[in-house]
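Everything below concerns the one structure shown next.
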Amino acid sequence: MNSYDENDAFEAAAAPQPAGLSLSQRAMAARPAPYMDGLNPAQRAAVEAMDGPVLMLAGAGTGKTKALTTRIVHMLNTGRANPNEILAVTFTNKAAREMKDRVGRMMGGADGMKWMGTFHSISVKILRRHAELVGLKSNFTILDTDDQLRLLKQLIAANSIDEKRWPARMLAGLIDSWKNRAWTPEKVPSAEGSAYNNRGTELYAQYQKRLLDLNATDFGDLLLHTVTIFQTHPDILAQYQRWFKFILVDEYQDTNVAQYLWLRLLAQAHKNICCVGDDDQSIYGWRGAEVGNILRFESDFPGCHVVRLEQNYRSTPHILASASAVIAGNSGRLGKTLWTDETEGEKLRLIGHWDGEEEARWIGDEVEALQRGTRHMDPHSLDDMAILVRASHQMRAFEDRFMTIGLPYRVIGGPRFYERAEIRDAMAYFRLAISPADDLAFERIINTPKRGLGDKAQQSIQRTARDGGMPLLNGARRLLGDGGVSGKGAGQLRAFTEGMARWHEATLVPDYNHITLAEAILEESGYIAMWQNDKTLEAPGRLENLKELVKALEQFENLQGFLEHVSLIMDNTTEEQGAKISIMTLHAAKGLEFPAVFLPGWEDGLFPSQRSMDESGKKGLEEERRLAYVGITRAEKLCTISFAANRRVYGQWQSQLPSRFIDELPSAHVDILTPPGLYGGGFGAAAPAPKLEERVAQADVYNSPGWRRMQDRAAQRGTSQPREAKNTVIDLAAVSSFTIGDRVFHQKFGYGTIGGIEGDKLAVEFDKAGPKHVVAGFVTAADQSHDLPF
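So in the UniProt record's numbering, spot 533 of the sequence shown is number 533, and the numbers just go up one at a time.
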């Protein structure tokens with residue numbers, strides 16, 4: 001930390017202030033306020049509402065940043081506050097810089113704004129000032145994620161816990177979630193403390209003690225320690241309450257419990273707190289955000305002034321009407337109606353496709369048409385277009401298509417599909433199975449997953465291979481034969497080499513089933529189990545990507561052809577300058593906008609996400625609906641929603657139901673582009689609009705050329721025929737058809753055995769995931785399980 005900034009901030013805040021307004025402040029207050037020009041009535045009301053709590057309910061594209069920064073300038077220009085008396089909090093450094101830059105441009109500089117930054121950066125300033133109150137020294141260090149995991153691994157080993165079964169990342173996520181809720185070890189409820197094999201709270205306490213010994217914190221501690229100081233030292237809290245006359249908070253809907261307490265404690269004296277946010281855009285519940293914070297604002301701060309910013313400056317009336325109709329399905333919201341002065345423009349477009357590959361082909365063609373301006377519209381730059389997906393594994397089809405047709409693209413928020421670590425690992429297994437002399441592939445995967453082969457063992461393999469003039473795989477076999485590897489590592493290495501020999505022999509059989517082989521390699525090598533046992537937030541997405549990789553093999557005759565294809569297309573994707581279409585997840589798109597937006601994969605189970613609904617019920621469904629609202633409102637001029645009637649899921653073709661959100665689109669604002677025959681010619685916004693169950697009965701997907709083509713391909717490969725989609729509605733009143741002891745399969749948790757039944761709720765002991773409680777509608781009997789159970 002910069003000590004000058006910290007000391008300056010505290011000295012300025014603590015300095016006595018003159019009574020009333022100074023002559024210069026009164027002169028400034030008397031001057032005209034050109035910064036107010038261009039504000040609409042609602043924005044102006046939000047700027048001028050100085051006294052007491054204010055909730056600025058700002059819809060997408062309604063100019064909230066302009067209103068927020070103008071409010072700060074107005075406080076300064078009218079002399080209501082000095083720069084050091086204003087606390088302005090954001091979530092990202094980028095947002096803090098933008099706010100400071102805007103204030104600086106309007107005021108001729110923002111050097112005095114010492115308390116404008118993120119929750120964490122401001123907490124660091126406070127914590128360094130009072131570190132001794134929580135057992136730290138002022139020069140404490142802040143651990144990054146790698147350091148945190150290293151420390152947790154040491155604690156896990158010291159407690160003789162099997163780190164493979166109880167990974168450090170799982171414990172790190174658990175501790176982070178507790179800190180987000182402002183729970184110190186002694187405050188963790190007993191029900192929560194039973195997590196991590198009943199050792200969670202104990203390890204949390206040890207971790208916190210070890211951090212103090214190291215004079216260190218993690219990022220969660222920055223808020224937790226500050227809240228603790230405020231709660232246990234009222235004199236310190238009173239100082240800050242006195243100094244901060246005005247508090248402003250951006251993106252309030254994304255605050256977690258610790259941030260909420262932090263703000264409430266500071267705001268209790270003056271109560272001049274202005275929170276800016278949109279409950280309809282709260283989409284980060286999975287990382288601790290509590291939409292209830294903004295929904296409770298009026299009860300938390302009685303007498304608050306609510307200002308609704310509803311005039312949208314981004315999208316057309318058709319886009320806004322469609323987004324508003326979808327979000328209206330949520331019961332937990334404060335409510336607002338977006339409107340615009342813009343002309344009507346094009347209606348939201350809705351189209352269904354036979355399968356995901358056809359969806360990618362159509363979008364690729366449409367992007368090129370928009371680029372050329374052949375849709376009776378002005379030409380669009382690729383920079384003006386974006387594809388927003390619900391899950392990262394959906395990107396693969398679009399990346400493959402764009403690379404095939406030479407369409408430049410960028411992936412925002414992560415690497416491109418074939419550059420992801422799990423995909424590179426899987427392809428290294430495939431490469432070594434085909435070519436046992438591929439030493440680069442051997443080096444990448446020999447200890448992935450962990451096989452107990454340390455640096456010494458791997459160096460011995462290298463030396464044996466080099467001395468014998470042979471590939472590393474043969475060197476490993478010779479070292480085993482000579483007894484050069486012992487203990488657990490020897491058994492694991494032997495299993496690896498025997499597996500590689502078996503898989504290589506399979507590739508030599510004419511017309512071998514390469515899809516089945518790929519599944520066997522990933523399963524038998526332990527690579528799938530590695531990610532199934534990983535309890536981090538990223539693990540489910542990595543498993544989805546591996547499923548998508550296996551799906552990509554369908555288009556090729558063998559593994560060799562697939563690997564050659566990937567090598568060639570990746571060789572042709574060197575970084576080019578110029579315009580590119582953006583591909584990203586809906587979560588990564590928040591805060592962005594594009595003239596043309598494509599929203600593919602609107603199918604029940606994919607979007608809304610089945611996992612989200614399974615784990616969080618109605619709360620999860622409402623967050624998925626907010627995500628749909630965010631996606632639609634990213635579009636300025638043209639928004640296209642698409643879905644596929646059929647997708648290959650877990651190795652089988654499956655008919656898909658269009659997303660329930662499609663039924664909520666208003667028909668007057670939607671153009672349906674779906675070819676005749678799909679779903680009987682009507683769905684969603686079509687008039688009259690059949691309900692979801694009616695669409696299932698009317699579906700005509702089995703008589704189309706595309707469907708017959710897929711059946712033929714499946715028959716040639718020897719794979720199962722498509723099965724009908726399950727009803728995705730949870731019926732808690734239903735009676736389970738299972739009995740105790742039945743073997744079942746769950747999409748997320750894999751195989752397990754039923755140990756208890758209560759109505760439609762099952763207590764299942766899963767082979768990999770351990771004990772879970774699930775709804776019966778979301779498991780299948782094991783003998784009906786999918787080809788690819790990961």
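Think of the CB as a built atom: it goes at the ideal place given N, C-alpha and C, for glycine as much as any other residue.
Since this is a predicted model, take the numbers as computed values, not measurements.
Fill in: Three-state secondary structure assigned by DSSP to GLY561
helix
Discussion item. In whole angstroms, give me the CA-to-CA distance for VAL89 and VAL326.
Written reply: 31 Å
Item to complete: For LYS761, name the three-state secondary structure that DSSP assigns.
Response: If DSSP states are grouped into helix, strand and coil, LYS761 belongs with the strands.
Item to complete: Whole angstroms is fine: what's the gap from LEU55's alpha carbon to PHE297's?
Response: 7 Å
Practice prompt. Output the distance between the C-alpha atoms of LEU543 and ILE528, rounded to the nearest integer angstrom.
Written response: 7 Å
Worksheet entry | Distance between THR62 and ALA96 (C-alpha atoms, nearest Å) | 19 Å
Practice prompt. For ASN139, count neighbouring C-beta atoms within 10 Å of its own C-beta (all shown protein chains included) and say buried if the count is 16 or more, exposed if not.
Written response: exposed
Worksheet item: Can the beta-carbon of ALA205 be found less than 7 Å from the beta-carbon of PRO185?
Response: yes
Worksheet item: Going along the chain, which residues of its own chain have a beta-carbon closer than 7 Å to the beta-carbon of LYS772, five neighbours each way excluded?
Response: PHE749, VAL764, PHE766
Discussion item. Can you look up PRO510 in the DSSP assignment and give me helix, strand or coil?
Written reply: coil
Practice prompt. Run the CB neighbour count on THR343, radius 10 Å, all protein chains shown included, and call it buried at 16 or more, exposed below.
Written response: By the 10 Å Cβ count, THR343 comes out exposed.
Worksheet item: Between the C-alpha atoms of LYS726 and VAL411, what's the straight-line distance to the nearest angstrom?
Response: Note that LYS726 scores 32 on pLDDT, short of 50, meaning its location in the model is unreliable and no value can be drawn from it.
Fill in: Whole runs of the beta strand (DSSP E) within the segment 404-471, excluding any shorter than 3 residues
409-411
Item to complete: Can you tell me which of the three DSSP states GLY605 falls into?
Response: strand
Worksheet item: So, is TRP286 buried or exposed, given that buried needs 16 or more other C-beta atoms within 10 angstroms?
Response: Counting the other Cβ atoms within 10 Å of the Cβ of TRP286 gives fewer than 16, which makes it exposed.
Worksheet item: Taking just the CA atoms, how far does GLY752 sit from PHE738?
Response: In a straight line, the C-alpha of PHE738 is about 13 Å away from that of GLY752.
Item to complete: Kindly list the residues whose CB is nearer than 6 Å to the CB of ARG175, restricted to its own chain and excluding five residues on each side of it in sequence; keep chain order.
Response: Here residue 175 is Ile; the residue named in the question, Arg, does not match the sequence. So the list reads TYR204, once near-sequence residues are dropped.
Worksheet item: According to DSSP, what are the bridge partners of MET56?
Response: VAL276, VAL307
Worksheet item: Between which two residues does the beta strand (DSSP E) containing ARG349 stretch?
Response: 348-355
Worksheet entry | Contact check, VAL550 vs LYS347, beta carbons under 7 Å | No, the Cβ-Cβ distance between VAL550 and LYS347 is not below 7 Å.
Discussion item. As a quick exercise: from GLN241, ASP482, ARG105, GLU359, pick the residue whose alpha carbon is nearest that of residue 870.
Written reply: In the structure as shown, the chain begins at 1 and stops at 790. Residue 870 is therefore absent and cannot be evaluated.
Worksheet item: Ends of the alpha helix (DSSP H) at LEU295?
Response: Segment 292-295, the alpha helix (DSSP H) holding LEU295.
Practice prompt. With distances taken Cα to Cα, identify the nearest neighbour of LEU265 among GLU368, SER282, PHE230, TRP243.
Written response: PHE230
Discussion item. Under DSSP, the beta strand (DSSP E) around LYS772 begins and ends at which residues?
Written reply: 770-775
Discussion item. Could you compute how far the alpha carbon of ILE423 sits from the alpha carbon of LEU546?
Written reply: 7 Å
Worksheet entry | Inter-residue Cα distance where the pair is ALA539 and THR78 | The straight-line gap from Cα to Cα measures roughly 53 Å.
Worksheet entry | Beta-carbon spacing of GLN532, LYS153 below 7 Å | Not in contact: GLN532 and LYS153 (Cβ atoms no closer than 7 Å).
Worksheet item: Which of the three DSSP states, helix, strand or coil, is assigned to ALA269?
Response: Note: ALA269 maps to coil in three-state DSSP.
Worksheet item: Can you give, in chain order, each stretch of the beta strand (DSSP E) that sits fully within the segment 594-668 and has at least 3 residues?
Response: Runs of the beta strand (DSSP E) spanning 3 or more residues and lying entirely within the segment 594-668 occur at 594-599, 635-649, 652-655, in chain order.
Worksheet item: Distance, Cα to Cα, PRO510 vs ASN558?
Response: 10 Å
Worksheet entry | Buried/exposed call for residue 822, threshold 16 Cβ in 10 Å | There is no way to answer for residue 822, as the model of the chain reaches only from 1 to 790.
Worksheet entry | Own chain, CB closer than 8 Å to THR217, minus 5 neighbours either side, in chain order | LEU127, LEU136, PHE140, THR141, ILE142, LEU143, LEU211, HIS225
Worksheet item: Anyone know if the C-beta pair for ALA386 and VAL257 falls short of 7 Å?
Response: no
Fill in: Validate contact between the segment 488-498 and the segment 444-463 using beta carbons, cut 8 Å, 3 pairs
yes
Worksheet item: If you compare alpha carbons, which of ARG169, LYS164, ASN197, VAL134 is closest to LEU151?
Response: ARG169
Worksheet item: Do the segment 242-261 and the segment 154-162 touch if we need at least three Cβ pairs shorter than 8 Å?
Response: No, the segment 242-261 does not touch the segment 154-162.
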